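In our numbering, the protein residues as written are 1 to 385.
Quick reminder that beta carbons are idealized off the backbone N, C-alpha and C, glycines included.
Quick caveat, the model's predicted, so the values are computed rather than measured.
One structure is given below, encoded as structure tokens.
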Ligand SMILES: *Cc1c(COP(=O)(O)O)cnc(C)c1O
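Here it is in structure tokens:
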């Protein structure tokens, strides 16, 4: 079975579970992103901090020159601490608190991505009270269904995000008439783990229709933030370790008019492949109907399989034994604490090292201390420290 290359001798001396981040692969990924947008000086790529807020990862991404896309005051602070310039920080989220809005104004962030008329008024009020002007974009709900897991679509009319595309003109007018906000543009985000470029093409078409409609009404559009959502190949981390950025950016190059300043907010596609959850087999249990590999990592370390039925490639790094099907489960007291059912692994023994691949996004950042389990630490290649 083809497996990733890992420093196994080093792993042997470490307590499991832990997240291992291949910072070399992260750098290659960042270089690839920047290469795709090099011919578009008015385009800016922001990194969606919620995918992974590990400070080492954030510093590396800030160092590459990406902006930050934040969805809470805590993320704004983490981005600033990691060295992202305040002007490169954009702030989305349907439930921004007064304190978070104040923090954004105080720090001088580049953009509030406003999700409702009610929020626009609160931001305007807080900015007026502080004697400053808040730079705002309006998040549009484009009513587009993306071909991904139902739990991670965000751009349909039934989702809580954004202002319905038919109602956005009125809110732009209100923003233009409000002295304590400065209207800058439109924001979209249709979902996550999207591999079908026709979903992004549909977004471009919706954006073009909306912009044409606004221009006919004499309403300025400003810049366009198309959000994130590019998916990765969870099944093939060894063959396809870098997301298809050429196809992704190419879709926008082809379908959006050249004149727009376009912003992107990529999370998963930047950090998912570089992270692996490393754990050990505690027990192999021959059940009545199934064979279980019980790991020392659980759903509290990586919740995606339990939460979204997401699937990660799993490899036994310690064994070249015959391949057998296992239900790979964690120790947490929930039946949903399953990383995969019927997963084919080289024969497992107690203490074998198991790699759960492509866990760099929505892994560590979603971890919890359920069952009073400690947070898994992070480990980096020695040459990067
Ligand atoms: C989560 C999120 C992103 C990033 O999504 P990915 O699928 O990780 O690329 C971008 N923008 C907004 C507003 C988000 O909520």
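Rounded C-alpha distance that separates residue 373 from residue 307: Taking the chain shown and counting its residues from 1, one reaches residue 373 at position 373. Taking the chain shown and counting its residues from 1, one reaches residue 307 at position 307. If you take the alpha carbons of residue 373 and residue 307, they lie about 18 angstroms apart.
Residue 122 - containing beta strand (DSSP E), residue span: In the chain shown, counting from the first residue as 1, residue 122 sits at position 122. Segment 117 to 130 is the alpha helix (DSSP H) holding residue 122; no beta strand (DSSP E) there.
Given a cut-off of 7 angstroms, decide if residue 46 and residue 81 are closer than it, judged by their beta-carbon atoms. Locating residue 81 in the chain shown gives position 81, counting from the first residue. Locating residue 46 in the chain shown gives position 46, counting from the first residue. In this structure, residue 81 keeps its C-beta atom at 7 angstroms or more from the C-beta atom of residue 46.
Roughly how many angstroms separate the alpha carbons of residue 337 and residue 293, rounded to a whole number? Along the chain shown, one-based indexing puts residue 337 at 337. Along the chain shown, one-based indexing puts residue 293 at 293. Looking at the two C-alpha atoms, the distance is approximately 12 angstroms.
Examine ligand 1 and report whether any of its heavy atoms sits within less than 6 angstroms of the Cβ of residue 239. Locating residue 239 in the chain shown gives position 239, counting from the first residue. Not one heavy atom of ligand 1 falls within 6 angstroms of the beta-carbon of residue 239.
Counting only runs that start and end within the stretch 297 to 333, where is the beta strand (DSSP E) found for 3 or more residues in a row? Whole beta strand (DSSP E) segments, 3+ residues: 314 to 316, 323 to 329.
Would you call the CB atoms of residue 113 and residue 140 closer than 7 angstroms? Taking the first residue of the chain shown as 1, we reach residue 113 at position 113. Taking the first residue of the chain shown as 1, we reach residue 140 at position 140. The answer is no: Cβ separation not under 7 angstroms.
Determine the closest residue to residue 309 out of 188, 175, 148, with distance taken between C-alpha atoms. As a working note, residue 309 is residue 309 in the chain shown. Out of 188, 175, 148, the CA that lies nearest to the CA of residue 309 is found in 148.
Start-end ranges of the alpha helix (DSSP H) lying completely within the stretch 6 to 58, minimum 4 residues: You should have 8 to 12, 23 to 37.
Would you tell me roughly how many angstroms separate the C-alpha atoms of residue 324 and residue 191, rounded to the nearest one? Here residue 324 refers to the residue found at position 324 of the chain shown. Here residue 191 refers to the residue found at position 191 of the chain shown. Each residue's alpha carbon lies about 35 angstroms from the other.
Any chance you could list the beta strand (DSSP E) runs of at least 3 consecutive residues sitting entirely within the stretch 205 to 276, in chain order? Positions of the beta strand (DSSP E) runs, each at least 3 residues long and wholly inside the stretch 205 to 276, are given as 223 to 225, 262 to 266 in order along the chain.
Residue 358 versus residue 145: straight-line alpha-carbon distance, rounded: Taking the chain shown and counting its residues from 1, the one referred to as residue 358 is at position 358. Taking the chain shown and counting its residues from 1, the one referred to as residue 145 is at position 145. Inter-residue distance for residue 358 and residue 145 is about 25 angstroms (C-alpha atoms, whole angstroms).
Buried versus exposed call for residue 376 [16 or more other C-beta atoms within 10 Å across all chains shown]: For the purposes of this step, residue 376 is taken as residue 376 along the chain shown, with counting starting at 1. A residue is called buried when at least 16 other Cβ atoms come within 10 angstroms of its Cβ; residue 376 meets this threshold and is buried.
With a Cβ-Cβ cutoff of 7 angstroms, do residue 138 and residue 171 count as a contact? Residue mapping note: residue 138 aligns to position 138 of the chain shown, counting from 1. Residue mapping note: residue 171 aligns to position 171 of the chain shown, counting from 1. In contact: residue 138 and residue 171 (Cβ atoms closer than 7 angstroms).
Decide if the stretch 285 to 301 is in contact with the stretch 324 to 334; the criterion is three or more beta carbon pairs, one per stretch, under 8 angstroms apart. The answer is yes - the stretch 324 to 334 touches the stretch 285 to 301, with three or more Cβ pairs under 8 angstroms.
Supposed contact pair residue 194 and residue 230 - C-beta distance, whole angstroms, cut 8 angstroms: Position 230 of the chain shown holds residue 230. Position 194 of the chain shown holds residue 194. Between residue 194 and residue 230 the Cβ distance is about 6 angstroms, and since that is below 8 angstroms, they are a contact.
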